[in-house]
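First residue of the sequence shown: 450, per my numbering; consecutive thereafter.
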Amino acid sequence: KNKSVAEQEIANQLLLETVAYAESSVCRRKQLLHYFGEIYPQDNCGSCDNCLHPKTKFEGQEAVELVLDTILATKQQYKAKHLIAVITGKQSANVKSYKHHLLDVFGKGAEFDEKYWNAVIRQMLIERLITKDIENYGLLKITPEGTKFLKKPYSIMLTHDHDYENTDDDDFFAGGGAKTSTADKVLFTMLKDLRKVISRKESLPPFVIFQDPSLEDMAIQYPISIEELTQITGVGVGKANKYGKPFLDLIKTYVEENEIIRPMDMVVKSVVNKSGLKVYIITNIDRKLSLEDIAFAKNMTISELLTEIERIVSSGTKLDLNYYVNEYVDPYHQEEIYDYFREAESDSIQAALEELGEDEFNEEEIRLMRIKFMSDLGN
450 KNKSVAEQEI
460 ANQLLLETVA
470 YAESSVCRRK
480 QLLHYFGEIY
490 PQDNCGSCDN
500 CLHPKTKFEG
510 QEAVELVLDT
520 ILATKQQYKA
530 KHLIAVITGK
540 QSANVKSYKH
550 HLLDVFGKGA
560 EFDEKYWNAV
570 IRQMLIERLI
580 TKDIENYGLL
590 KITPEGTKFL
600 KKPYSIMLTH
610 DHDYENTDDD
620 DFFAGGGAKT
630 STADKVLFTM
640 LKDLRKVISR
650 KESLPPFVIF
660 QDPSLEDMAI
670 QYPISIEELT
680 QITGVGVGKA
690 NKYGKPFLDL
700 IKTYVEENEI
710 IRPMDMVVKS
720 VVNKSGLKVY
730 IITNIDRKLS
740 LEDIAFAKNM
750 TISELLTEIE
760 RIVSSGTKLD
770 LNYYVNEYVD
780 PYHQEEIYDY
790 FREAESDSIQ
800 AALEELGEDE
810 FNEEEIRLMR
820 IKFMSDLGN
């Protein structure tokens, strides 16, 4: 909140770089060395996840040409998000205001989605055909190598990014973490279906009922009582009492029908230190103390404090942050974000930013409004 617009923009660009690293299917070593200004000559390091499980490559010559042509047509003054909007023919306010919908390149890549074009641009960066100026809001510029490519195009093989949103449940449950590897996939699916039924009945987004990590933990611990349910990740007494019964009935029936041996003792959450912090946060929010003062008193950043508040609210405790939200978030933004979460299937902050527009909305105000939304409707 206290950072300048320029500092916030640079921080956001660095966050996007992290997202790009996670989603990319290019050799991890190659990406890391590129980030630090070095070149890794090999295409396959033989040790990272992307090299051990390579994706099918596709011919990217025409796509690369289109990106370079678009950068030139917009005079090398725009970020990837804007360039992709032009390429895919998106009639956004920014595109229209700069009259970029009148360019010859407008909509030429509409047959592919934003994820595809993000993958192309990321690999063009690694191949040094373009460069990103982080200090100047992430503007994309054409390098001498990119200019050579335009003069004499050549074949260039690219790969699609990972699509985590559409990853098969089998992949999700086969992951490395101890919890995900032992979760009951069948029960998890049944719990998600039940959540969907309840969310429709209550006219609430599914994540307001219980978030995915909570359902996943239920598919590991098999709770069959309210007391046991309160030991589940992200579930407090309030939420357990409000929404818990049908989930407990389903789990109990499932356990009996499948003769499942439940854990002898459900792990009691370690809350000695957390409970003190929780009480402090709730008490001082009730006193309408600013979040900056609460964070300072506990030697926390605002982001860390918001994470704790999110945990408190998602577990079923109602908090009134209107005094802070009304000071920090523009009324128009409040309405837009609130309406977005009413219709959203996911509580993802990144998805909200992409839908609402990263140029107009910032992560902190969306997190605040998500907390308000969860507290108002879910608790």
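Think of the CB as a built atom: it goes at the ideal place given N, C-alpha and C, for glycine as much as any other residue.
Exercise for the section: Specify, as a first and last residue, the run of the alpha helix (DSSP H) that glutamate 560 falls within. Expected result: Translated into positions along the sequence shown, residue 560 becomes position 111. Element bounds for glutamate 560: n/a, residue is neither H nor E.
Label glutamate 677 either buried or exposed according to how many other C-beta atoms from any shown protein chain fall within 10 Å of its C-beta, with 16 as the threshold for buried. Position 228 of the sequence shown holds residue 677. Under this definition glutamate 677 is a buried residue.
Query - Supposed close pair tyrosine 692, serine 739 - CB separation, criterion 8 angstroms - result: One-based indexing of the sequence shown puts residue 692 at position 243. One-based indexing of the sequence shown puts residue 739 at position 290. In fact, because the Cβ distance is near 32 angstroms, the residues do not count as touching under 8 angstroms.
Q. In terms of residues, what are the limits of the alpha helix (DSSP H) holding phenylalanine 598?
A. Position 149 of the sequence shown holds residue 598. Unbroken alpha helix (DSSP H) run through phenylalanine 598: 593-600.
ask   = Helix, strand or coil: which one does DSSP assign to methionine 749?
value = Taking the first residue of the sequence shown as position 1, residue 749 is located at position 300. Three-state DSSP puts methionine 749 in coil, outside helix and strand.
Reference threonine 523, options Ile536, Ala512, Glu511, closest by Cα | On the sequence shown, position 74 is the one that residue 523 refers to. If we check each option's Cα against that of threonine 523, Ile536 comes out closest.
- Query: Helix, strand or coil: which one does DSSP assign to lysine 694?
  - Reply: Against the sequence shown, residue 694 aligns to sequence position 245. In this structure, lysine 694 counts as helix in the three-state DSSP scheme.
Original post:
What is the DSSP secondary structure of isoleucine 488, reduced to helix, strand or coil?
Top reply: The residue given as residue 488 occupies position 39 in the sequence shown. Of the three classes helix, strand and coil, the one that applies to isoleucine 488 here is coil, per DSSP.
Selected residue, minimal CA-CA separation from alanine 542, among Asp825, Leu521, Asp808, Pro503: By one-based count along the sequence shown, residue 542 stands at place 93. Checked all of Asp825, Leu521, Asp808, Pro503; the closest Cα to alanine 542 is Asp808.
In whole angstroms, give me the CA-to-CA distance for aspartate 796 and aspartate 661. For the purposes of this step, residue 796 is taken as residue 347 along the sequence shown, with counting starting at 1. For the purposes of this step, residue 661 is taken as residue 212 along the sequence shown, with counting starting at 1. In a straight line, the C-alpha of aspartate 796 is about 10 angstroms away from that of aspartate 661.
Exercise for review: Might you give, ordered along the chain, the residues of its own chain that have their beta carbon closer than 6 angstroms to the beta carbon of threonine 682, omitting 5 neighbours on each side?
Suggested key: Along the sequence shown, read from residue 1 onward, the residue named residue 682 stands at position 233. Counting only Cβ-Cβ distances below 6 angstroms, and skipping sequence neighbours, we find Pro662, Ser663, Asp666.
Exercise. Can the beta-carbon of alanine 689 be found less than 9 angstroms from the beta-carbon of threonine 679?
Worked result: As a first step, residue 689 must be located in the sequence shown, where it is residue number 240. As a first step, residue 679 must be located in the sequence shown, where it is residue number 230. Cβ atoms of alanine 689 and threonine 679: closer than 9 angstroms.
**Request:** Would you decide whether histidine 502 is buried or exposed? Buried here means 16 or more other CB atoms lie within 10 Å of its CB.
**Result:** For the purposes of this step, residue 502 is taken as the residue at position 53 of the sequence shown. Classification of histidine 502: exposed, given that the 10 Å Cβ count is below 16.
Taking 8 angstroms as the line, does the beta carbon of glutamate 784 fall inside it for any heavy atom of the ligand FMN? With respect to small molecules bound, the structure shown includes none, and the ligand FMN cannot be examined in it.
> Which term fits phenylalanine 637, buried or exposed, when burial requires 16 or more other beta carbons within 10 angstroms of its beta carbon?
Replying inline: Here the question's residue 637 lines up with position 188 in the sequence shown. It is buried - the Cβ of phenylalanine 637 has at least 16 other Cβ atoms within 10 Å.
Once you ignore the five residues that flank isoleucine 730 on each side, which residues in its own chain have a CB closer than 7 angstroms to its CB?
-> As a working note, residue 730 is residue 281 in the sequence shown. Counting only Cβ-Cβ distances below 7 angstroms, and skipping sequence neighbours, we find Ile743, Glu757, Ile758, Ile761.
For this session: Compare the beta carbon distance of leucine 697 and isoleucine 675 with 9 angstroms and say whether it is the shorter of the two.
Result: On the sequence shown, position 248 is the one that residue 697 refers to. On the sequence shown, position 226 is the one that residue 675 refers to. Their beta carbons are under 9 angstroms apart, which means leucine 697 touches isoleucine 675 by this criterion.
Who pairs with aspartate 582 in a beta bridge, going by DSSP? Here residue 582 refers to the residue found at position 133 of the sequence shown. For aspartate 582, which the question treats as bridged, DSSP gives the partners Leu588.
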